[in-house]
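Chemist:
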Amino acid sequence: ILLLQRALIVTASPAVSPRSAQPLEVVINEIAWSGTISNSNAEWIELKNNSAITVDLSGWRLYSGDSSPNITLSGSITPGGFFLLERTADTTVNDVPADQLYTGSLIDGGESLTLTDEISTVVDTANGDGGTWPAGTGAPNRYSMERIDSLAPDIDLNWATNDGLTRNGHDVGGNPINGT
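For the sequence shown, the positions run 8 to 187 when the numbering used here is used.
(1) For residue 32 and residue 57, which I take to be in contact (beta-carbon distance under 8 Å), what is that distance rounded to the nearest angstrom?
(2) Going by Cα to Cα distance, which pick from 29, 47 and 159 is closest to residue 100?
(3) Only counting the same chain, and skipping five residues up and downstream in sequence, which positions put a Cβ closer than 6 Å to that of residue 180?
(4) Going by DSSP in three states, residue 134 sits in which element: helix, strand or coil?
(5) Enumerate in chain order the residues of its own chain whose CB-to-CB distance from residue 76 is below 8 Å, with the five nearest sequence positions on each side excluded.
(6) State yes or no: is the C-beta of residue 142 within less than 8 Å of the C-beta of residue 167?
(7) For residue 97, collect the residues of the same chain with a Cβ closer than 8 Å to its Cβ; drop the 5 residues on either side in sequence, then sort them by chain order.
(8) Give a yes or no on whether the C-beta atoms belonging to residue 122 and residue 130 are separated by under 8 Å.
(9) Does the separation of the CB atoms of residue 161 and residue 132 fall below 8 Å?
(10) Cα separation between residue 153 and residue 186?
(11) Ignore the nearest five residues each way along the sequence and tell me which others in residue 2's own chain have a CB closer than 6 Å to its CB.
(12) May I have the straight-line CA-CA distance separating residue 39 from residue 28, to the nearest angstrom?
(13) Going by DSSP, what residues sit across from residue 183 in a beta bridge?
(14) How is the beta strand (DSSP E) around residue 153 delimited, first residue to last?
(15) With H, G and I counted as helix, E and B as strand and the rest as coil, what does DSSP make of residue 20?
(16) For residue 41 and residue 118, what's the separation of their Cα atoms in angstroms?
(17) In the DSSP assignment, what residue or residues form a beta bridge with residue 29?
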């Protein structure tokens, strides 16, 4: 009887529903849409957690307007922390471990990126209008596109090209990454 009572209590307990993330809780913070000096295909994307809690990214999606890339995220991101997505191999930013690898390429001419939580609520966008990238450069130096204010919405004026002075990491060829 005791086991039956416990079973009834367990089955009667309400299910925990996923909470909807708030806009800009996690943002698309930096995009290396043109790759690195060593490899134009070595693209990477950085997310930033603006909240005071660890965010479980399980089931979140990051996808482009043409569905390539279309990434189902996994893992978590600590308060104020960053989450590095590297295309195809963990050698894109050779001396910084990727939090997750992905496939699919970004269009150098520009496209939109959308970040949604596990219940498909749009949390953030990058280049939401889908036009040319508002910042960053292609060959030869391949500077990343960086969000100026991570608490401000995605508008073209809130993106800047890496300044070439503040840089972190090296590509597979040992060249400094023109990004942070």
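C-beta: ideal position from N, C-alpha, C; glycine also.
From a predicted model like this one, the values you see are computed outputs, not experimental measurements.
Modeler: Taking the structure as given:
(1) The count along the sequence shown starts at 1 and reaches residue 32 at position 25. The count along the sequence shown starts at 1 and reaches residue 57 at position 50. That belief holds up - the Cβ atoms of residue 32 and residue 57 are roughly 6 Å apart, short of 8 Å.
(2) For the purposes of this step, residue 100 is taken as residue 93 along the sequence shown, with counting starting at 1. Closest option to residue 100, Cα to Cα, is 47.
(3) One-based indexing of the sequence shown puts residue 180 at position 173. Closer than 6 Å at Cβ, skipping near neighbours: 45.
(4) Position 127 of the sequence shown, counted from the first residue, corresponds to residue 134. The answer is coil: DSSP assigns residue 134 none of H, G, I, E or B.
(5) Within the sequence shown, the letter at position 69 stands for residue 76. 69, 70, 94, 109, 110, 111, 112 and 113, listed in sequence order.
(6) Position 135 of the sequence shown, counted from the first residue, corresponds to residue 142. Position 160 of the sequence shown, counted from the first residue, corresponds to residue 167. In this structure, residue 167 lies closer than 8 Å to residue 142 by Cβ.
(7) Counting from one through the sequence shown, the residue named residue 97 turns up at place 90. Once the five neighbours on either side are set aside, the close Cβ partners of residue 97 are 104, 105 and 108.
(8) Within the sequence shown, the letter at position 115 stands for residue 122. Within the sequence shown, the letter at position 123 stands for residue 130. The answer is yes: Cβ separation under 8 Å.
(9) Along the sequence shown, read from residue 1 onward, the residue named residue 161 stands at position 154. Along the sequence shown, read from residue 1 onward, the residue named residue 132 stands at position 125. A contact, by the Cβ cut-off of 8 Å.
(10) If you number the sequence shown from 1, residue 153 lands on position 146. If you number the sequence shown from 1, residue 186 lands on position 179. If I take the Cα positions, the gap works out to 8 Å.
(11) A query on residue 2 cannot be resolved here, the shown segment of the chain reaching from 8 to 187 and no further.
(12) Along the sequence shown, read from residue 1 onward, the residue named residue 39 stands at position 32. Along the sequence shown, read from residue 1 onward, the residue named residue 28 stands at position 21. Each residue's alpha carbon lies about 25 Å from the other.
(13) Mapped onto the sequence shown, residue 183 falls at position 176. Looking at the DSSP assignment, residue 183 forms a beta bridge with 177.
(14) Position 146 of the sequence shown, counted from the first residue, corresponds to residue 153. Here the beta strand (DSSP E) through residue 153 covers 152-154.
(15) As a first step, residue 20 is located in the sequence shown; it is residue number 13 there, counting from the start. Since pLDDT at residue 20 reaches only 42, below the 50 mark, its modelled position is unreliable, and the value read off the structure follows with that caveat. Coil, per DSSP.
(16) Against the sequence shown, residue 41 aligns to sequence position 34. Against the sequence shown, residue 118 aligns to sequence position 111. Cα-Cα distance, rounded: 12 Å.
(17) Your numbering for residue 29 matches position 22 in the sequence shown. BP columns for residue 29 are empty, so no partner.
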